[in-house]
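Comments concern the structure below.
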Amino acid sequence: MKKTAKILALENRLGESLEDFLRREYLVNRRSALQISSDLSVGDPTVRNWLRKYGIPVRGISEAMLPEGVTKPTKEQLERMYVYEFKTTTQIAQELDLSNTVISIWLKEYDIPIRGRSAARLAPKRLTKPTKEQLEQWYVDEKIIPSQIAKKVGVNTSTIKDWLREYHIQIRNPSEAQLLRVGITKPTKEELEKWYVHEEKNAAQIGENVGVPNGTVLNWLKEYDIPIRSVSETMLLRKRLTKPTKEQLEQWYVSERKSFAQIARDTGLGQTTIRRYLERYGVPLRTSVISPQQFLNLLQKDKTARNLAAASLFLNDESYDIEQVIIGLYDGHFKDQEQLHKLLKQSEKEIYRIIEQGITNLGFYIGRFSIGDRSIVPVLLGEALLNIPGNKVSQSLEEKMVRILRLTYSPKFNQDPDGTMEDIRERMDSSKGRVKGLYRKLYQHYREVKKLEAELSCLN
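Residue numbering for the sequence shown follows the numbering used here, beginning at 728 and increasing consecutively.
Here it is as structure tokens:
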């Protein structure tokens, strides 16, 4: 991780590297990010950001608040106690010397279905071991994964795997199992031969259709002993491919904003060939941002980019997530995140000037905030989100937006939890659509934090 002036100053004060300090205090001494942030005079989101950048696993909220000497059970352990042994959350909590609220939170985190009140009162049913034929039907024919069979039978996943071995039913390898988890089934040898040999599709095209990388397709071809085409054979095949029309390229490149690589993968042509066709058809190519002036031109024309860039500067050293959002939304505009970060720093004064001039259409809000006051970040994010096309708003982008809002609100929440939650509630009530959804997630996050704090304070 590149060391900023703030980090270098901290290391000078600590007399050791920041990474060594964090590993000792967080991993060995098991201090919380909040406690460490107090020592370093920074916000606890900053500490968690440093932990992630140094590759130090960050503890979840429930795990971070556990009393000293108590370890969070694994999913298998909790599943065994709750599902197989049919213990209640209260019984498990008593065994672990915790509250049943914490146990319920862990069940949700592990995606273990919680029993209703009526089911909880019933005695556990007598379990019947399925026959080999039943297991083969579920696992082989219907391709149900072990964890789902376990829920159906009422045992844990390990028991299902033991029965499969006992019945000599071949267990799927990790790659096949992973495909099934995301709803993808490995094609048969006959299907691959049809696509690759008879229809002359390439690995990238097959992978796109199935939903896997082309490397996975090549591995399947090797497993099935299907001869892979040589480079010369591939080149000869490409010469026979149909040239896309201008309308097709405009649809893919302009309307759907696909990259050269994506279009090349879809058509089986090379990226250079795609670029040449676009130029011949007179389709304007998207230009990469390579200078501060080009960057400022983009911000002048694009309100969403402008608001996100401004929010990034207000967050200073905690702008990693928002830079990731910009890179994702403006694919192809920047070489990488490092280049974007440099452009933001180089253009800092100009971006502030744009904000002060009210080009962001936030004149009313700008009057309430001073440059450097991160309280304006939620306003900028809300404006940006309203103008992002629906097909660009993924779950990953929303999660990043929520993390950015937490960076903004956490210092205030640590000082005044009730006031902060009231502020978030007001914003949630006055917002609409996707913005309202973000504030709802943020509000639920802090409500769970308060609930956990109340429960765990009873243990001390």
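C-beta: ideal position from N, C-alpha, C; glycine also.
Check                                                                                                                                                                                        : Outcome
State whether the region 877-890 contacts the region 911-921, with contact taken as three or more CB pairs (one from each stretch) at a distance under 8 Å.                                  : no
Using 10 angstroms around the beta-carbon of P940, count the other beta-carbons present and answer buried if the total reaches 16, otherwise exposed.                                        : exposed
Could you say which of L1124, K1072, T1000 and Q989 lies nearest to I1053 if we only look at CA atoms?                                                                                       : L1124
Give me the Cβ distance between S1074 and L1113, rounded to the nearest whole Å; I'm assuming they're in contact under 8 Å.                                                                  : Not really, about 24 Å apart at Cβ, beyond 8 Å.
Would T1087 be called buried (16 or more neighbouring beta carbons within 10 Å of its own) or exposed?                                                                                       : Reliability of the predicted coordinates at T1087 is poor, the pLDDT of 46 falling under 50, and no value is obtained from them.
Between V867 and I896, how many whole angstroms is the CB-CB distance? I'm expecting something under 8 Å.                                                                                    : 7 Å
Does the beta-carbon distance from E927 to N1034 come in below 7 Å?                                                                                                                          : no
Going by C-alpha distance, which of K888, K870 and D838 is nearest K856?                                                                                                                     : K888
Scan the region 797-827 and note each continuous alpha helix (DSSP H) run of 4 residues or more that stays entirely inside, going in chain order.                                            : 802-806 and 816-823
Here's the rule: buried if 16 or more other CB atoms are within 10 angstroms of the residue's CB, otherwise exposed. What is N1043?                                                          : exposed
What is the DSSP secondary structure of Q1020, reduced to helix, strand or coil?                                                                                                             : helix
Just to confirm before moving on: does the CB-CB distance between Y1173 and M1155 stay below 7 Å?                                                                                            : no
Quick one: what does DSSP say F1061 is sitting in, helix, strand or coil?                                                                                                                    : coil
Give the secondary structure of P954 by DSSP, where H, G and I count as helix, E and B as strand, and everything else as coil.                                                               : coil
Using DSSP with H/G/I as helix, E/B as strand and the rest coil, what is E738?                                                                                                               : helix
Can you tell which of Q1066, K1028 and A930 has the C-alpha that lies nearest to the C-alpha of P954?                                                                                        : A930
Is L745 closer than 7 Å to I763 when the C-beta atoms are compared?                                                                                                                          : no
Could you compute how far the alpha carbon of E1175 sits from the alpha carbon of T815?                                                                                                      : 21 Å
Would you say L1071 reaches chain C, if we count a Cβ-Cβ gap shorter than 7 Å as a contact?                                                                                                  : Protein chains in the displayed structure number just one, and chain C is not present.
With H, G and I counted as helix, E and B as strand and the rest as coil, what does DSSP make of I898?                                                                                       : coil
Looking at the secondary structure, which residues open and close the alpha helix (DSSP H) in which E926 lies?                                                                               : E926 -> no alpha helix (DSSP H), and no H or E assigned at all.
Compute the Euclidean distance between the alpha carbons of Y753 and E836, then round it to the nearest angstrom.                                                                            : 22 Å
Y894: which of D952, E860, R740 and E920 sits nearest, CA to CA?                                                                                                                             : E860
Please report the straight-line C-alpha distance between G934 and G942, rounded to a whole angstrom.                                                                                         : 8 Å
Could you tell me how far apart the beta carbons of L737 and L761 are, in whole angstroms, since I believe they sit closer than 8 Å?                                                         : Contact doesn't hold; Cβ gap of about 17 Å is too wide.
Look up P857 in the DSSP assignment and say whether it is helix, strand or coil.                                                                                                             : coil
Taking the straight line between their C-alpha atoms, what separation do you get for G782 and N776?                                                                                          : 10 Å
Please go through the same chain and pick out, in chain order, the residues whose beta-carbon is closer than 7 Å to the beta-carbon of H1068, but skip the five residues on each side of it. : E1050
Name the residue from I1103, Q1064 and Q1122 whose alpha carbon lies nearest to the alpha carbon of F1041.                                                                                   : I1103
Report all residues from its chain with a CB closer than 7 Å to the CB of I1115; omit the five preceding and five following residues, and keep chain order.                                  : T1031 and L1056
Could you give the DSSP three-state label for D673: helix, strand or coil?                                                                                                                   : Residue numbering for the chain in the displayed model covers 728 to 1187; residue 673 lies beyond these limits and cannot be assessed.
Between the C-alpha atoms of D747 and S759, what's the straight-line distance to the nearest angstrom?                                                                                       : 16 Å
When you compare only the Cα positions, how much space is there between W922 and Y951?                                                                                                       : 13 Å
Apart from the five residues just before and just after Y1047, which ones in its own chain have a Cβ nearer than 7 Å to its Cβ?                                                              : N776
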